[in-house]
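Numbering (our numbering), first residue to last: -2 to 63. Ideal Cβ placement from N, Cα and C applies to all residues, glycine included. Reviewing the structure listed below.
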């Protein structure tokens, strides 16, 4: 899942088997953040967080004999 905050911070949040993979979350910061903006995300009236989710179908391999 990709989450984009109004101040330009982007979080890439991986999921595995329906659960957040907290060890592999990545945060990308814009170049012009003020001190402390990367630790706290706050929304002002009229602002919103945008999230994008994509999923891929895993194919199962089998070793069945014909």
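| Asked | Found |
| --- | --- |
| Through-space distance from residue 8 to residue 31, alpha-carbon basis | 18 Å |
| Reduced DSSP secondary structure (H/G/I, E/B, other) of residue 16 | strand |
| Euclidean distance between Cα positions of residue 44 and residue 38 | 12 Å |
| Rounded C-alpha distance that separates residue 48 from residue 3 | 12 Å |
| Inter-residue spacing [alpha-carbon to alpha-carbon] between residue -1 and residue 25 | 11 Å |
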